[in-house]
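Inspection log for the structure reproduced underneath, given as structure tokens.
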């Protein structure tokens with residue numbers, strides 16, 4: 003039996019698996035595309051094309067896929083369910099608070115422990131001091147995996163037994179980014195409407211800060227090859243809106259944000275830098 007199974011080997015999942023491997027843990031990996039498993043196979047890591055086998059192989063299962071919905075699709079099968087009892091699942095996929103609660107309930111009913119997590123850094127930060135993770139859920143389960151998770155580097159914040167905490171704070175933190183996106187985009191349109199150069203707008207913001215960088219992107223029209231596209235940011239925005247509706251709170255802010263992202267994607271800007279949102283505002287005279 004291996005120490006931990008990693009399910010999902012995208013950029014983030016691969017970074018997590020590599021770091022765990024470098025820390026000396028014995029891994030089993032699974033990914034829908036076998037090509038992403040090959041580098042790990044070449045390094046002597048056990049790999050399987052079967053999710054049930056990946057779950058059965060380790061007492062701890064780390065999941066890093068697109069969403070909780072994908073996780074449920076992978077795990078809620080008759081071949082996987084018999085292997086859940088006694089396992090601890092660490093969910094590092096994007097989730098909403100309601101999804102985190104649902105996962106806790108259905109996995110718990112089958113004898114598994116569940117921790118909901120959120121990664122607050124880029125794949126390149128994994129294993130470094132700049133890495134940051136939020137975890138919430140069963141305290142005993144967290145104590146059992148804390149040493150393993152600490153090996154991923156940076157700061158590991160346990161938020162308590164309320165399994166909803168990690169996902170809601172993750173979404174709350176992202177809200178600040180959307181506010182900045184909207185503010186800088188609108189500020190750029192204000193300057194354009196009044197004949198003020200966007201270079202002057204950029205110089206107004208703190209040097210090296212996010213707002214200055216975003217204003218420079220608009221000024222130079224350099225929207226290509228971003229680290230995170232409009233399409234990726236839209237996915238998180240949709241989850242913020244989903245949380246508002248699930249919780250019954252005012253959704254005006256996420257409704258407006260998602261409407262702009264949806265328009266940007268419909269206009270063909272989905273793979274561009276998030277500040278290409280300004281193009282949508284330019285088109286809405």
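Residue numbers (this note's numbering): 3 to 287. All residues carry an ideal CB built from backbone N, CA and C; glycine is no exception.
In this structure, the alpha-carbon of residue 112 lies about 6 Å from that of residue 87.
In the displayed model, residue 46 falls within coil according to three-state DSSP, outside both helix and strand. In this chain, the beta strand (DSSP E) harbouring residue 157 covers 157–160.
Here residue 188 is exposed. Its C-beta has fewer than 16 other C-beta atoms within 10 Å. In the three-state reduction of the DSSP assignment, residue 154 falls in the coil class, being assigned neither a helical nor a strand state. Inter-residue distance for residue 128 and residue 251 is about 34 Å (C-alpha atoms, whole angstroms). Cβ-Cβ separation between residue 107 and residue 70: approximately 12 Å, too far for a contact (criterion under 8 Å).
Following the DSSP letters along the chain, one finds residue 134 inside the beta strand (DSSP E) bounded by residues 134–139.
Of the residues assessed, residue 117 falls on the buried side of the cut-off, its CB having 16 or more other CB atoms within 10 angstroms. Here residue 58 has 85 as same chain residues with Cβ atoms under 6 Å from its own Cβ, once five neighbours each way along the sequence are excluded.
The C-alpha of residue 174 lies about 17 Å from the C-alpha of residue 162. In the same chain as residue 202, and ignoring 5 residues on each side of it, the C-beta atoms closer than 8 Å to its own belong to 193, in chain order. Following the DSSP letters along the chain, one finds residue 7 inside the beta strand (DSSP E) bounded by residues 6–9.
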